[in-house]
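By the UniProt record's numbering, the letter at position 6 of the sequence shown is numbered 6, and the numbering carries on one by one without gaps. Comments concern the structure below.
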Amino acid sequence: MLDLSKLKNRIQPFAEPVTRVLFKVLSCFVNKRLVVFESFHGKNYSDSPRAMYEYFCLAHPEYKCVWVAARGYEHLFKEAGVPYVKKFSLRFYATMPRAKFWIINTRTPLYMKKSKKTIYLQTWHGTPLKHIGLDTNNKDRQHQEELIAETQRWDILLSANKYSTEKFQTAFDYRGKILEKGYPRNDILQQENEKKKSEIRERLGISSDKKVVLYAPTWREDRELERQMFEFENELPINEILTENEDVVILMRLHYLSVGLHDEEFPRDRVLDVTMYSDISHLYLISDLLITDYSSVMFDFAFTRKPMLFYMYDQERYHHNRGYYFEPKDILPGEIISERAMMPRAVRKKLESNEIDEKYEHFYQKFCIEQTNASQEVVEYLLANY
């Protein structure tokens with residue numbers, strides 16, 4: 001019987017050199033109107049690449065726009081009705097080197113060497129509270145060299161604010177072009193969306209009389225199961241929150257690197273796993289309260305000017321493992337809670353009063369660029385300059 005794993009190991013040493021040659025040859029035939037989009041390694045149709053894709057389709061239908069879909073996630077793109085190529089397929093390798101623009105929010109394999117004719121726009125995927133890139137505790141030389149090799153390929157890097165621009169330059173050792181326009185994905189949060197909110201609630205089966213609490217924590221690097229996959233540890237007292245708040249529905253949104261949500265333990269009509277919901281911005285729109293920890297979702301959710309709670313049950317451990325760019329208690333626009341027993345009443349209190357205090361306003365002014373058309377600005381910049 002054919003051992004596929006052994007066959008893969010035998011082929012692997014030859015695959016990358018062949019890919020390099022293929023890219024070099026096909027990059028001679030760049031299609032000036034071909035744009036490739038990828039979000040979270042091809043596992044989602046979302047984020048700033050999606051917002052820019054939708055603008056491209058609306059304003060520039062003469063461009064051929066194609067998504068990259070990871071194996072096992074093709075259904076997301078079929079359901080959305082968008083054109084895609086399966087990642088690492090022959091069509092993928094034939095498409096990438098011929099594209100005029102790559103619009104991507106995470107890293108790509110280094111052996112995929114693009115030509116100078118292809119413009120790589122790195123949208124990234126969040127304003128950092130926790131250390132990223134070269135600023136983390138990972139001082140492995142190979143890791144650092146690979147990161148720098150990746151960032152040197154970026155022709156343009158998007159930034160959500162001045163603070164992010166400064167952190168990106170050091171964390172990525174990046175000296176290239178930075179567009180400080182805000183994230184296209186946040187355009188929707190600053191527009192009138194009452195009809196959209198109703199549609200999203202209906203799609204998720206949430207009645208209009210329910211309060212919506214979004215729980216969106218980040219991943220824990222000391223919970224690694226395998227490369228780039230981390231176990232989700234649920235410390236949120238979900239049943240207690242539901243008991244204290246009878247009108248609440250909780251949306252559970254895991255980080256794209258996290259796995260292991262056992263939602264069968266909770267009432268299905270009141271706890272919804274929305275990890276695979278395509279666009280988290282939609283969840284921000286319908287949520288009355290965000291519970292997070294060290295995740296960059298706080299910076300995007302602030303555009304809604306709705307309340308936040310920060311459940312940091314492992315501050316000492318997390319700070320030791322990852323570190324912060326600033327002390328959370330000094331800047332975060334909401335109460336920091338470390339004890340499990342305090343969460344249910346804290347949720348009730350926040351839902352009853354959603355006033356914006358001075359600390360929240362300061363956070364908003366520092367991190368939120370007011371814009372409703374970043375998608376348009378970034379796309380038109382690309383077309384005008386490249």
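We put the beta carbon where it would ideally sit given N, CA and C, even for glycine.
Could you pull out every residue in the same chain whose Cβ sits closer than 8 Å to the Cβ of Phe40, ignoring the five residues on either side in sequence? If we look at Phe40 and ignore the five residues flanking it on each side, its Cβ neighbours are Ser46, Asp47, Asn105, Thr106, His125 and Tyr256.
With distances taken between CB atoms, is the gap from Ala216 to Ser295 smaller than 7 Å? With contacts defined by Cβ atoms closer than 7 Å, Ala216 and Ser295 form a contacting pair.
For Val18, count the other beta carbons within 10 Å of its own beta carbon; 16 or more makes it buried, fewer makes it exposed. Which is it? Residue environment for Val18: exposed (fewer than 16 other C-beta atoms within 10 angstroms of its C-beta).
Mind checking who Cys67 pairs with in its DSSP beta bridge? It is Trp, not Cys, that sits at residue 67 in the sequence shown. Trp67 pairs with Phe37 and Tyr84.
Would you check if the region 289-309 and the region 357-374 touch, i.e. whether three or more CB-CB distances between them fall below 8 Å? In short, these stretches touch, since the Cβ pair count reaches three.
Evaluate contact between the region 176-193 and the region 371-379, counting only Cβ atoms and requiring at least three cross-stretch pairs below 8 Å. Yes, they touch.
Curious, which full-length beta strand (DSSP E) runs of at least 3 residues does the region 108-185 contain? Qualifying beta strand (DSSP E) stretches, in chain order: 119-122, 156-159 and 177-180.
Which residue marks the beginning of the alpha helix (DSSP H) containing Ala374, and which one marks its end? From DSSP, the alpha helix (DSSP H) with Ala374 extends over Ala374 to Asn385.
N-terminal and C-terminal residue of the beta strand (DSSP E) that Ile356 is part of: Note, Ile356: premise wrong, no beta strand (DSSP E); not H, not E.
Please indicate yes or no: does the CB of Leu121 lie closer than 6 Å to some heavy atom of the ligand ZN? Absence of the ligand ZN is noted for the structure shown, with no ligands found whatsoever.
Give the straight-line distance between the Cα atoms of Asp247 and Lys211, rounded to the nearest whole angstrom. So the two alpha carbons sit approximately 6 Å from each other.
According to DSSP, residues forming a beta bridge with Asn31: Per DSSP, Ala99.
Contact between the region 114-131 and the region 322-335 (3+ Cβ pairs under 8 Å): Yes: the two stretches touch, three or more of their Cβ pairs being nearer than 8 Å.
DSSP on Asp187, reduced to helix/strand/coil? Correct three-state label for Asp187: helix.
Mind pulling the alpha helix (DSSP H) runs of 4 or more residues that sit fully within the region 262-286? Fully enclosed alpha helix (DSSP H) runs of 4 or longer: 280-286.
Can you round the beta-carbon distance between Val213 and Leu289 to whole angstroms, since I take them to be within the 8 Å contact cut? Rounded, the Cβ-Cβ distance is 5 Å, consistent with contact.
State the start and end residues of the unbroken alpha helix (DSSP H) segment that holds Glu194. Judged by DSSP secondary structure, Glu194 falls within the alpha helix (DSSP H) whose first and last residues are Glu194 to Leu204.
Report, in whole angstroms, the separation of the C-beta atoms of Leu134 and Gln144, which I expect to be a contact under 8 Å. With a Cβ gap of about 6 Å, Leu134 and Gln144 count as contacting.
If you draw a straight line from the C-alpha of Arg201 to the C-alpha of His282, how long is it? CA-CA distance, Arg201 to His282, rounds to 9 Å.
Let me make sure I understand the geometry here. Which of Lys64, Phe88 and Glu79 has the alpha-carbon closest to that of Arg71? Nearest of Lys64, Phe88 and Glu79 to Arg71, Cα basis: Phe88.
Given a cut-off of 7 Å, decide if Val347 and Asn193 are closer than it, judged by their beta-carbon atoms. Not closer than 7 Å, so no.
Leaving out the 5 sequence neighbours to the left and right, which residues in its chain are closer than 6 Å to Val249 when beta-carbon positions are compared? Around Val249: Ile206, Lys210, Val212 and Arg270.
Once the 5 residues before and after Gln169 are set aside, which same chain residues still bring their CB inside 8 Å of it? Scanning its chain for C-beta atoms nearer than 8 Å, with the 5 sequence neighbours on each side dropped, one finds around Gln169 the residues Arg175 and Ile178, in chain order.
Comparing alpha-carbon positions, which option in Glu221, Leu236, Glu235 and Glu150 lies nearest residue 429? Here the chain covers residues 1 to 386 and nothing more, so residue 429 does not appear.
Determine the direct distance from the alpha carbon of Phe310 to that of Tyr84, and round the result to whole angstroms. Each residue's alpha carbon lies about 37 Å from the other.
Helix, strand or coil, according to DSSP, for Tyr311 in the structure here? Here Tyr311 sits in strand by DSSP.
Give the straight-line distance between the Cα atoms of Tyr93 and Glu62, rounded to the nearest whole angstrom. A direct Cα-Cα distance of roughly 23 Å separates Tyr93 from Glu62.
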